[in-house]
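So the structure is just underneath, and the comments pick up after that.
Protein chains in written order, with our numbering: chain A, 1 to 477; chain B, 1 to 303; chain C, 1 to 112; chain D, 1 to 608.
Put into structure tokens, the structure is as follows:
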């Protein structure tokens with residue numbers, strides 16, 4: 001029996017403590033994260049009341065099938081990330097604890113206003129963490145847009161509050177389902193607010209500046225963990241609470257589709273490693289948003305899981321490469337994996353999973369996306385999803401081929417000299433990448449656990465008995 | 001192996017021998033005719049035989065095994081082709097004298113010769129071969145389109161079958177003049193007669209593929225050439241002139257066709273190789289498609 | 001009335017954000033927006049003739065009309081968060097000034 | 001042995017190969033030989049009635065004669081080509097990965113041929129594609145792999161979309177069930193047929209999707225080009241057979257507008273196939289790189305295969321299947337012989353070689369036999385298939401398609417002769433004087449492949465009878481044979497007779513040759529030179545721009561590659577534009593976009 005509030009309270013408490021005890025702040029950080037990572041495995045699935053007021057009057061935390069897995073993934077990966085960059089985190093230990101609290105809060109909270117607070121906590125932590133990359137102007141952009149977004153979000157939920165008199169998610173959901181009025185403007189403001197965080201296209205001006213120079217630490221953090229958590233929040237709000245219908249779904253789906261395609265287009269032309277991944281993240285966010293809006297929550301969950309894990313590895317490795325080589329221009333990374341095969345294999349598996357090749361987890365994600373879309377009699381969206389996947393395959397393969405092979409075009413392999421430099425990347429990074437890569441491989445051969453879990457997660461948001469998924473064991477169920 | 005018995009094989013060999021003798025004689029006669037046309041006496045009608053035996057009896061040179069092997073392959077392929085050819089009512093392998101066999105088995109011989117010529121190491125030979133192959137692209141397609149239409153209309157691709165049908169309906173050359181014209185133009189190309197003798201072009205590339213030959217190899221290629229001309233002209237005679245009820249009729253038709261081709265050849269100049277191809281892809285192919293269209297879509301002339 | 005004033009402030013803030021190229025002015029615009037937002041939130045919870053939602057010895061009857069207390073709580077939180085953000089962005093502004101010697105985005109030059 | 005065991009075993013073997021190769025490259029490459037050969041042995045021992053085996057999860061296989069036919073073809077190619085692998089181990093950048101991917105791609109193809117479920121089929125298809133894709137950059141080109149993969153993925157996704165369209169209608173992935181239901185949903189069926197047709201076209205390299213063939217085949221490692229051309233492109237033929245013969249295509253299209261007695265869609269397919277034949281031929285004629293030349297010839301031959309499959313009658317389908325087999329064997333042998341030359345000389349450019357026959361006579365003979373088969377000249381297997389196809393074309397009266405087929409057929413004489421003349425015959429370059437015949441274990445598989453070409457060119461009826469059974473399985477009338485003769489619609493063919501006649505002719509020629517006086521052997525430089533003294537073999541060799549007069553006629557042809565490049569450039573430009581628009585450094589712009597988007601979405605919505 002453990003209280004999920006501890007996931008928020010302990011890091012926050014340790015954060016304050018670490019200000020006082022400056023000498024041991026890194027141990028405190030590791031301790032806190034370790035504690036969270038242990039704790040997540042003992043949480044029970046139910047609603048937890050905070051402060052003695054019953055919801056909808058008080059704030060509550062919710063642990064259910066939808067967020068439980070994400071809590072585990074995020075906490076564990078957070079710890080792993082810190083361990084992989086232990087030398088770099090020292091000045092930021094306090095902020096990292098706050099960030100951990102913020103992310104956990106985002107995942108756990110069952111209250112719309114509380115969500116706003118956690119968005120702000122997490123964002124402010126992110127702003128400060130991003131100063132590690134010394135790109136102040138670009139982070140400033142993020143600050144302005146992020147603050148604007150959360151203001152819009154706040155405006156939206158206040159309008160909803162004025163309408164329904166509650167801010168509790170479960171309560172609100174029930175009221176909205178029963179009500180006849182659709183406060184479009186409020187939905188839209190909330191959408192805009194969250195869209196900035198999940199990087200939908202016209203809203204995401206901050207992303208490039210922040211992520212294209214992200215280090216091996218900030219990259220996975222912002223590009224994978226934050227992005228994943230924000231998508232989970234998006235799904236919670238738009239899948240579980242707000243009940244969109246009619247033209248609203250269409251117009252927002254169009255935004256998602258544009259994001260998906262534009263993200264892939266931009267990634268296709270990108271010449272820098274991290275630029276490719278950030279654009280690909282944008283596209284994946286677009287995909288997840290489309291799926292949430294279409295009510296296909298279980299596959300959206302799959303997309304998010306796959307995206308968190310694969311982008312984590314990709315940003316981590318890319319960041320390390322950029323740190324070692326000094327840049328991440330793809331054309332100059334020829335044959336970089338030849339002397340670091342283990343890392344290369346992990347990177348390759350991850351990116352192959354990203355483009356959905358069989359034997360890797362991404363394949364089942366892709367198949368289940370298509371099944372779900374065709375089940376809801378969609379014809380255009382799967383076609384566009386496939387076009388996007390086609391572009392994605394092209395650039396990912398181009399990237400991989402470049403990074404594995406040396407030699408100019410038309411040059412015979414036996415005449416090429418192998419590069420002698422070695423990619424000095426620490427053991428921890430390699431180990432992490434390989435373990436995560438293996439996870440994608442194993443779940444690519446036997447994905448049933450993850451898929452069944454995602455179906456349960458999807459059912460939390462809206463119950464749908466007719467879901468069919470494709471797994472290794474049972475085929476369709 | 002329905003058709004293969006000693007008798008058939010002997011008949012087939014006889015046909016090939018007959019073809020060789022016939023064509024060599026007709027060629028000799030033609031040399032005489034051309035001579036007369038040009039106000040010369042011309043050689044004796046058996047001059048071609050003499051040439052061949054002379055070449056065979058000489059001791060020549062060889063440029064390696066493929067040079068010899070190609071010659072044998074060429075002669076073997078062409079003899080095999082000739083063995084399938086129906087002459088008047090003599091048919092060695094009834095039902096197996098398929099048009100496509102003639103086209104492709106013929107190619108074995110051609111390939112052998114081309115290989116041998118290229119194997120001589122002389123670039124002029126290679127150029128000649130190149131020209132011969134290029135010319136082939138020109139004449140084969142129109143010819144085969146016409147034949148395809150015939151096969152489609154009569155539902156038989158056997159040469160003897162086509163001959164039999166003409167005995168009921170009348171000659172194809174009368175009912176299908178456009179097709180016959182195309183086939184004749186193509187025949188001219190096949191025979192390498194002017195204006196389509198670009199690949200031999202003695203003054204230009206020193207007889208092209210033949211440049212290195214002498215002695216028995218040359219003799220065998222002469223034989224091969226005569227037999228292949230026999231095959232080509234006989235195809236035309238069989239497909240468009242109704243073959244022959246008896247050997248005499250066949251020989252007469254054969255003589256007319258070959259002489260006509262020769263006479264035309266002696267009044268014309270020589271095309272360049274690209275002109276050959278463009279020519280074939282301008283006039284004959286259009287006519288061939290026209291003829292095929294008339295046969296297939298309208299059924300004109302075939303029933 | 002206050003609602004409309006709040007909305008107008010929000011719009012002014014947005015206008016400032018979109019048109020201004022000076023970092024400090026953008027921060028100010030953001031603050032204007034936030035103030036408008038806060039005003040709006042408070043106005044949402046206002047009930048005609050309501051009194052402050054505080055239980056005192058004078059006002060302890062359940063028959064009285066209170067204004068909604070929740071928006072006020074929200075605003076308090078929002079103000080705190082807004083202040084934090086403003087402070088952080090000002091710190092960034094200082095850093096940016098140290099690097100670029102200017103507050104004007106137009107004068108910083110286009111990167112890449 | 002069951003199919004499941006073989007497929008899973010091959011997949012496991014690919015991992016084992018990797019580990020073993022890490023320890024010893026040579027041993028790993030020997031495994032790549034043993035894998036396909038053992039699998040081939042099982043298939044041959046068990047025959048086409050091989051047990052399918054119990055299913056593992058979704059992995060379920062069903063034995064079909066069609067699958068058996070394709071698998072055996074594939075295994076012969078893989079098995080023979082694998083003999084080259086040990087020799088390439090030190091030339092490759094990642095030998096272990098090569099060995100692993102080699103076996104993995106085989107497992108993918110075999111698994112695909114026996115899948116009973118569309119998803120399983122797709123999984124194995126993709127495995128085959130990506131395994132082969134990673135091998136290609138081990139050769140000369142990095143871009144080729146990307147182009148191959150992008151094209152291939154385009155096809156795969158078209159296929160996937162079709163699978164899911166059927167799934168959306170019928171709620172199942174079972175191949176026979178779903179395809180059987182197609183006739184009840186004509187609109188869906190037409191889309192499915194088109195999409196799956198595109199997939200088949202892409203894999204086979206039919207115009208306008210052919211550009212990946214010359215790039216991938218021409219630039220892959222010399223040991224893998226034969227696999228690509230002989231093996232992997234035939235996946236497309238399998239899909240095509242599935243579309244036309246297994247799916248009730250003719251029934252679906254029976255009410256459509258007809259051209260020459262064929263549904264318009266089929267006729268369009270035929271036209272596209274005809275264009276491929278012509279384009280493939282013309283492009284092959286002008287290639288200087290022998291591997292690219294054979295790659296383009298594969299485009300042309302793919303056209304024949306598609307024509308045969310699309311007509312879907314007794315003769316055409318058997319012709320197509322015979323052609324699949326014959327071309328797989330012949331093009332693998334041709335690529336292998338070029339590979340052997342490349343192994344000894346390091347180049348595949350025709351103009352850089354010459355006179356290799358003097359040093360590598362066996363390789364030359366193998367090449368000769370394979371091109372005879374590719375050009376469809378008797379007595380090789382390629383002739384049988386062309387004869388069957390022409391029979392079918394003639395009886396349908398398809399004159400335009402026929403014209404293209406004849407052009408492709410005659411044109412094939414041209415392009416196959418170019419390497420023969422320029423690379424093998426002619427003057428030997430002085431720098432190749434030291435060259436030796438290929439090593440014995442490279443020669444053996446080449447000779448085996450040549451033997452197969454010859455054997456099935458002389459006695460094809462065993463194979464044709466089996467093809468007839470496949471046709472019956474597919475619901476088409478089976479091809480009929482009598483003794484050694486093949487019954488056509490409008491004639492008979494007896495390949496054995498043809499061969500015996502050719503043999504007799506050759507024996508006659510041989511006797512004449514031998515009975516006459518022996519020739520004097522002279523060197524190749526000792527030739528007629530119009531009294532010039534030529535002493536440099538390099539300048540006395542006609543190989544550069546061999547067909548210049550023909551090439552000149554179409555040198556200004558439109559370039560399809562430029563079209564694709566343009567398309568890619570558009571994607572890049574669009575990406576740049578979007579990036580330029582949306583990723584400004586100024587926050588105000590983003591704020592403006594946010595406001596505008598909100599307004600735009602609100603436009604037309606009820607606000608409250």
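Even for Gly, the Cβ is constructed at its ideal location relative to N, Cα and C. Remember, predicted model here, so these are calculated numbers, not experimental data.
Judged by DSSP secondary structure, residue 16 of chain B falls within the alpha helix (DSSP H) whose first and last residues are 6-37. Separation of the CB atoms of residue 126 of chain D and residue 441 of chain A is rounded to 15 Å, and the pair is thereby denied contact status at 8 Å. For residue 222 of chain D, the three-state secondary structure derived from DSSP is coil. By the neighbour-count criterion, in which a residue is buried when 16 or more other Cβ atoms sit within 10 angstroms of its Cβ, residue 91 of chain A is exposed. Annotation: residue 108 of chain C is outside any alpha helix (DSSP H) and is labelled neither H nor E by DSSP. Look at the beta carbons and you see the region 347-359 of chain D touching the region 427-437 of chain D: at least three pairs across the two are nearer than 8 Å. About 6 Å separates the Cβ atoms of residue 324 of chain A and residue 424 of chain A, confirming a contact at the 8 Å cut-off. Residue 239 of chain A and residue 284 of chain A have their alpha carbons spaced roughly 17 Å apart. In the three-state scheme derived from DSSP, where H, G and I count as helix and E and B as strand, residue 48 of chain A is classed as strand. For residue 110 of chain A, the CB contacts under 8 Å within the same chain, skipping 5 residues up- and downstream, are 47, 55, 59, 60, 61, 62, 168, 169 and 170 in chain order.
The Cβ-Cβ distance between residue 263 of chain B and residue 194 of chain B does not fall below 7 Å. At a cut-off of 7 Å between beta carbons, residue 592 of chain D contacts chain C. Listed along chain C, the residues sitting closer than 8 Å to residue 136 of chain A by beta-carbon distance are 92, 95, 96 and 99. Contact residues of the region 59-72 of chain B toward chain D are 59, 60, 61, 62, 63, 64, 65, 66, 68, 71 and 72 (C-beta to C-beta distance below 8 Å). Note that the region 212-222 of chain A touches the region 121-133 of chain A; at least 3 beta-carbon pairs, one per stretch, sit closer than 8 Å. Chain order gives the chain D residues near residue 20 of chain C as 588, where near means a beta carbon separation below 8 Å.
Note on geometry: alpha-carbon atoms of residue 430 of chain A and residue 41 of chain C lie some 50 Å from one another. Under the DSSP assignment, residue 1 of chain C falls outside any alpha helix (DSSP H); it carries neither an H nor an E label. In this chain, the beta strand (DSSP E) harbouring residue 486 of chain D covers 485-487. Residue 233 of chain D and residue 18 of chain C do not touch by the CB rule: their CB atoms are close to 56 Å apart, not below 8 Å. In this structure, residue 47 of chain B sits away from residue 77 of chain B, with a CB-CB distance that is not shorter than 7 Å. Between the alpha carbons of residue 443 of chain A and residue 101 of chain D lies a gap of roughly 21 Å. Around the Cβ of residue 164 of chain A, a 10 Å sphere holds 16 or more other Cβ atoms; the residue is buried. Taking C-beta separations shorter than 7 Å and ignoring five residues to either side along the sequence, the partners of residue 289 of chain B in its chain run 145, following chain order.
By the Cβ neighbour-count rule, residue 552 of chain D is exposed, with fewer than 16 other Cβ atoms within 10 Å of its own. Interface flag for residue 427 of chain D against chain B is set, since a Cβ pair is found closer than 7 Å.
Taking a beta-carbon distance threshold of 7 Å, residue 28 of chain D does not count as an interface residue toward chain A. In the assembly as shown, residue 475 of chain D is an exposed residue. Its beta-carbon has fewer than 16 other beta-carbons within 10 Å. Among the residues of the region 136-166 of chain A, those with a Cβ less than 7 Å away from any Cβ of chain C are 136, 137, 139, 140, 143, 144, 147, 148, 151, 154, 155, 158, 161 and 162, in the order of the chain. Residue range 59-62 is occupied by the beta strand (DSSP E) that includes residue 62 of chain A.
Beta-bridge analysis with DSSP links residue 115 of chain D to D:61. Considering only beta carbons, the part of the region 2-34 of chain C lying closer than 8 Å to chain D consists of 14, 17, 18, 19, 20, 21 and 26, in chain order. The alpha carbon of residue 3 of chain D has as its nearest neighbour, out of D:286, D:109, D:497 and D:582, the alpha carbon of D:109.
Contacts with chain B (Cβ-Cβ distance below 7 Å) from the region 534-545 of chain D involve 540, 541 and 542, listed in chain order. Listed along chain A are 265, each with a C-beta nearer than 7 Å to that of residue 574 of chain D.
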